[in-house]
Every structure is written in structure tokens, then in C-alpha cells.
Amino acid sequence: MLKAFKYRIYPTSEQSVLLAKSFSCARWFDNYALNLTSETYKQTGKGLSRNEIIKLLPSLKKEYEWLSEVPSQVLQQAALNLSSAFLNFFEGRAKYPNFKKKQNRQSIRFPQHCKLKNNVLVLPKIGKVYCQVSRPPEGNLKSVTVSVNPSGEYFVSSLYDDGKDLPQKSTSRLRGSAEITVEA
């Protein structure tokens, strides 16, 4: 069963700069891909798939060298989030995806190569970050989402798989003994 834990993290000033670059690059790539997908849809009637968006990354990294400073997984997750947003839109569950703004809450996701041990969170290309663990997590770490709110506080949401199955739903409608007797 998947469980999520949210903790406060305290990056150093250098790590804050790296995280700010990661937030900016993910936001820029998300907006770039959203614009390109919208234009492609207007011209051809078909949008871009997640894989087509991800295939743009190598050429964009050559054109914009600053995209190479952040972990590629962060940009790939931005493409995954955008494709999920379009899927939800076309299935009627959400509105059309919006462009991301710097003023709103920002977040990036690391799907692998992260570790949380003894109040220290290890992130790719960022390093060891102090994490205030309020309750110890159980299970295998699946993904880590780092977010910053407009007031500048950093948080991490970590998703763990504890290896247990989901509880089975009861198929019976009766609770306890529901025998009714009628006396004549």
C-alpha cells in the first residue's frame, strides 16, 4: 500500500539556488511543451504524446545549456504531469492546462535515486539536505516531490510502498447478525 509523508526541509543557500534553478527549468519546459502541444493541436488536430515531448529534451538541452544543470528526471516528470493534465482535460475531469507562474506554489518530482535516512534527504545533483522527520517512514521510497510555497518554506512529500496489499472491501451488506423474527 502506498503511503505519503510530508516533511519540512532546510536546504543550504547553495542548495536553494539549485532548487530554484530546478523549479525554473521545470516550469519553463512545462510552459514550452504546453505551448508546442497547443500549437500542434491547432494545426494538425492532434497533440503531442508524453514520449514525443520527452524526445525534445536532448535538442533543447543543446540549444539551452542551462537545462542541463538540473536532473533530467525533473524535466521528464514535467512532461508526464502535462500529459496527465491533457488526459484529464479530454476525459472531462479537468479544465484545459494552464501555464505555470513563478508566483504560485512550485514543485518538482524525483522518481528515483533519492534516499531519506537519519534526517538527511539525498537528492540527485543537489546533495544532502536536512529534513525534519516527524514520523519515521516504513517501506521502500518510490518518489520524492520537493515544493516551495510563496513564503519560501521548502517541503518534501515522499511516497513509500510498505509492501502490504490494500484491505479487501466487504461484499456482504449485512453487518453482524441481522436476523429478524416476527411473532404472530
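For the sequence shown, numbering that gives the first Met the number 0 gives the first residue as 0, with consecutive numbering after it.
Every residue gets a Cβ at the ideal spot worked out from N, C-alpha and C, and that includes glycine.
Here the structure is a predicted model, which means the values were calculated and not measured.
Cut-off 7 Å between Cβ atoms - residues of its own chain near residue i, not counting five sequence neighbours on either side
i   : result
R10 : Reading off the sequence, residue 10 comes out as Pro, not Arg. Within the same chain, P10 has close Cβ partners L18, V128 and Y153.
N50 : none
Residue i, buried or exposed, once every other Cβ within 10 Å from all chains shown has been counted against 16
i    : result
F89  : exposed
D164 : exposed
S150 : exposed
V16  : exposed
T43  : exposed
N103 : exposed
A93  : exposed
R108 : buried
Residues of its chain near residue i, where Cβ-Cβ distance is below 6 Å and the 5 sequence neighbours each way are ignored
i    : result
K141 : L158 and D160
P136 : F4 and Y159
Whole-number beta carbon distance between residue j and residue i, since they are thought to touch under 8 Å
i    : j    : result
V143 : C113 : 4 Å
Proximity of residue i and residue j at Cβ, strictly below 8 Å
i    : j    : result
V119 : C130 : yes
Y6   : V121 : no
L74  : C24  : yes
Unbroken stretches of the alpha helix (DSSP H), 4 residues or longer, contained in the segment 87-147: none
Contiguous beta strand (DSSP E) assignments of at least 3 residues, all confined to the segment 14-78: none
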